[in-house]
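Taking my numbering, the leading residue of the sequence shown gets 931, the next gets one more, and so forth. Every residue gets a Cβ at the ideal spot worked out from N, C-alpha and C, and that includes glycine.
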Amino acid sequence: MSRQHTVLWELFRPSSVAVVGASRHPGKVGHSILRNLVASYKGKIYPVNPLAKQILGLKCYPRLTAIPDSVDMAVIAIPAPKVPDVVCDACKKGVKVSVIISSGFSEVGNHELERRVVETAKSCGMRIVGPNVFGVIYTPIGLNATFGPPEVPRGSVAVITQSGALGLALLYRFMGVKGLGFSAMLSLGNMSDIDFADAIWVLGEDEHTRVIALYVEGLRPLRGRAFIEAARHAAKKKPIVAIKAGRSKRGSKAVASHTGSMAGDVSIYQAAFRKAGVFMVRSLSGLLDASLLFSLQPIPPQPWRGVMIVTNGGGLGVLAVDAMEELGVTLAKLSPETRSKIRSMLPWFASTLNPIDTTASITTDTYLEVLHAAVDAPDASAVLAMFAELPNMKGEELAKGMEDILRHARERGKPLLLVYVGKHEIFYQFAAEGIPVYESPYEAAEALHALEWYVRWRAKHAQ
């Protein structure tokens, strides 16, 4: 990692943070940011507000230069016209990174104001996030410099987004619901300085991040090559999934008015993403379903041998096969030995083709035995378990037995996914135990599509 990218670690691992625009009033952005930092951050916190002596039990300072100690990061949440003066103070103070929450810059045509901020920062070697962002999160040190929820579930997904509102929505929607936890979240906004390439370089080396998820509206001019180099370097170690907004003409216009970015031809982005090892999804659900799988399950060894499906209902199996054929996911070809072993566990009318249809006439214990055999089988790279709640097959029983099978699958380096159709409380129980669980076969197929694509890409580009 270059010295330039090493400096960016201060964005995720600062020893001290100043909040310029810290407010005494709940509901204000400056109050929410300070509240979130106080709740979990392990470093030093300095509120900056010339009209207050103390906020949330912390001494206030009239300006950055009045803080007696060093400051690694400044989070700026004040009206846009005042930002250049604060950035100048940040330079004098030796701040390494400034996160500009404020809007009212290039996204509304105020390019000159944004240019002044960037030029001032460059003059002292300081890096800028934003403007027009919701902030930065890095859960390993409790850093939550945002005006979003104070408690963020810790995990291994790093999200980099141009849309602050969307980033916050993802947090709210998936906190504690599907077992999806975050290592980091960064809002880029207008990308006046720090952009996707910079963030990917750093998070690609982060030991707490297993998958990087991107919401992309557009790249900065002349930074396409930098993006490809950064993503390609990171993708050799961990998967990157992305959704590209602005694929339509109207969507492109909306992008320009949102962050001031140029959306560009989607086919160009598709080609760049393929080259860089970035898997493009078409929906937010696809982004999150793939991230869930990558964050909780191992990447199987090469070569890719396909997916083995085990279902207790034929209808679920049909839906899964339809979805996989539509998306291009490979089904595993089961050997006679594997089919014979599984056949010995099932009634004569059950199917040992792929999908394996155990039928609804068996017990949950028998279903678990078949699932264990599927994990053991060398025929497949991944196993998709599909389970419908039935009078003789209870979700509670499945949840108890899945823990040992999940452990066994991880030891073998084989991803195990679950589609569960039944009680919501049981669904959440699976998620809490670290099982990537989906509500429909199509969601699971989207995740498996990303997995197969990534395994094949890495086989070609690992060296």
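>> Among Ala1161, Asp1306 and Ala1374, whose alpha-carbon lies nearest the alpha-carbon of Met1316?
In response: Working through the sequence shown from its first residue, we reach residue 1316 at position 386. The residue with the shortest Cα to Cα distance from Met1316 is Ala1374.
> Can the beta-carbon of Val1141 be found closer than 9 Å to that of Ile1170?
Replying inline: For the purposes of this step, residue 1141 is taken as the residue at position 211 of the sequence shown. For the purposes of this step, residue 1170 is taken as the residue at position 240 of the sequence shown. Result yes, Cβ atoms of Val1141 and Ile1170 sit closer than 9 Å.
>> Tell me which residue opens and which closes the alpha helix (DSSP H) that Ser970 is part of.
In response: One-based indexing of the sequence shown puts residue 970 at position 40. Residues Val959 to Ser970.
> In whole angstroms, what is the alpha-carbon distance linking Arg965 and Ala982?
Replying inline: Here residue 965 is taken as the residue at index 35 of the sequence shown, counted from 1. Here residue 982 is taken as the residue at index 52 of the sequence shown, counted from 1. Cα to Cα, Arg965 sits roughly 16 Å from Ala982.
>> If you follow the beta strand (DSSP E) that Pro977 is in, where does it begin and where does it stop?
In response: What you label residue 977 is simply residue 47 of the sequence shown in a count that begins at 1. Counting along the chain, the beta strand (DSSP E) containing Pro977 begins and ends at Lys974 to Val978.
>> Taking the beta carbon of Gln1092 as the centre, do at least 16 other beta carbons fall within 10 Å, making it buried, or is it exposed?
In response: Against the sequence shown, residue 1092 aligns to sequence position 162. It is buried - the Cβ of Gln1092 has at least 16 other Cβ atoms within 10 Å.
> Using DSSP with H/G/I as helix, E/B as strand and the rest coil, what is Val1063?
Replying inline: Position 133 of the sequence shown, counting from 1, holds the residue named residue 1063. Reduced to three states, the DSSP call for Val1063 is coil.
>> For Arg1084, report the span of its beta strand (DSSP E) as first-last.
In response: Here residue 1084 corresponds to residue number 154 of the sequence shown, with the count starting at 1. Arg1084 -> beta strand (DSSP E) spans Arg1084 to Thr1091.
>> My assumption, with CB atoms under 8 Å, is that Gly1085 sits in contact with Phe1064. Please give the rounded CB distance.
In response: In the sequence shown, the residue the question calls residue 1085 occupies position 155. In the sequence shown, the residue the question calls residue 1064 occupies position 134. So it is not a contact: roughly 19 Å between Cβ atoms.
> Can you name the start and end residues of the beta strand (DSSP E) that Leu1381 belongs to?
Replying inline: Against the sequence shown, residue 1381 aligns to sequence position 451. No beta strand (DSSP E) contains Leu1381, which is instead part of the alpha helix (DSSP H) from Pro1371 to His1391.
>> Below 8 Å, how does it come out for the region 1276–1285 and the region 1339–1359: are there three or more Cβ pairs, yes or no?
In response: Contact between the region 1276–1285 and the region 1339–1359 is absent: fewer than 3 CB-CB pairs across the two stretches fall below 8 Å.
> Which residues does DSSP pair with Ile1198 in a beta bridge?
Replying inline: On the sequence shown, residue 1198 is found 268 positions in, with the first residue counted as 1. Answer is none; Ile1198 lacks a bridge partner.
> With a Cβ-Cβ cutoff of 9 Å, do Met1115 and Ala1088 count as a contact?
Replying inline: Position 185 of the sequence shown, counting from 1, holds the residue named residue 1115. Position 158 of the sequence shown, counting from 1, holds the residue named residue 1088. Contact: yes.
> Exposed or buried, Gln1396, counting other C-beta atoms within 10 Å across all chains shown (16 or more means buried)?
Replying inline: The chain is shown from 931 up to 1393; residue 1396 falls before or after that span and cannot be answered.
> Counting Cβ pairs closer than 8 Å, one from the region 1001–1011 and one from the region 943–951, do we hit at least three?
Replying inline: yes
>> With distance defined between alpha-carbon atoms, name the residue in Pro980, Ala1051 and Lys1167 nearest to Glu1137.
In response: Here residue 1137 refers to the residue found at position 207 of the sequence shown. The shortest Cα separation from Glu1137 among Pro980, Ala1051 and Lys1167 belongs to Lys1167.
>> Rounded to whole angstroms, what is the Cα-Cα separation between Gly1245 and Asn1062?
In response: Counting from 1 along the sequence shown, the entry for residue 1245 is found at position 315. Counting from 1 along the sequence shown, the entry for residue 1062 is found at position 132. Gly1245 and Asn1062 have their alpha carbons spaced roughly 48 Å apart.
> Under the three-state reduction of DSSP, which class applies to Arg1057: helix, strand or coil?
Replying inline: For this step, residue 1057 is matched to residue 127 along the sequence shown. Three-state result, Arg1057: strand.
> Candidates Tyr1384, Leu1328, Ile1067 and Ala1377: which alpha carbon is nearest Phe1357's?
Replying inline: As a working note, residue 1357 is residue 427 in the sequence shown. Taking only the C-alpha atoms, the option nearest Phe1357 is Leu1328.
> Where does His955 land, buried or exposed, given buried means 16+ other C-beta within 10 angstroms?
Replying inline: As a working mapping, residue 955 is identified with position 25 in the sequence shown. Of the other Cβ atoms in all chains shown, fewer than 16 fall within 10 Å of the Cβ of His955; this residue is therefore exposed.
> Per DSSP, what kind of secondary structure is Phe1077 in: helix, strand or coil?
Replying inline: Residue numbering aside, residue 1077 sits at position 147 when the sequence shown is read from its first letter. Note: Phe1077 maps to coil in three-state DSSP.
> For Asp1287, which beta-bridge partners are listed by DSSP?
Replying inline: Taking the sequence shown and counting its residues from 1, one reaches residue 1287 at position 357. Answer is Thr1241 and Ser1281.
>> In whole angstroms, give me the CA-to-CA distance for Ser1270 and Glu1355.
In response: The residue you call residue 1270 lines up with position 340 of the sequence shown. The residue you call residue 1355 lines up with position 425 of the sequence shown. Cα to Cα, Ser1270 sits roughly 36 Å from Glu1355.
> How would you write the range of the beta strand (DSSP E) that Leu1346 sits in, first residue to last?
Replying inline: Taking the first residue of the sequence shown as position 1, residue 1346 is located at position 416. Taken as a continuous stretch (DSSP letters only), the beta strand (DSSP E) holding Leu1346 covers Leu1346 to Val1351.
> Thinking C-beta only, is Leu1073 closer than 9 Å to Ser970?
Replying inline: Counted from its first residue, the sequence shown places residue 970 at position 40. Counted from its first residue, the sequence shown places residue 1073 at position 143. Yes.
> Does the region 1030–1038 come close enough to the region 1110–1126 to have 3 or more Cβ pairs within less than 8 Å?
Replying inline: yes
>> Using the Cβ count rule (16 or more neighbours within 10 Å means buried), how would you classify Asn1242?
In response: Within the sequence shown, residue 1242 is the residue found at index 312, counting from 1. With 16 or more other Cβ atoms within 10 Å, it is buried.
>> Here's the rule I'm using: 16 or more other beta-carbon atoms within 10 Å means buried, otherwise exposed. How should Ala1250 be labelled?
In response: Translated into the one-based positions of the sequence shown, residue 1250 becomes position 320. Looking at its Cβ environment, which holds 16 or more other Cβ atoms inside 10 Å, Ala1250 is buried.
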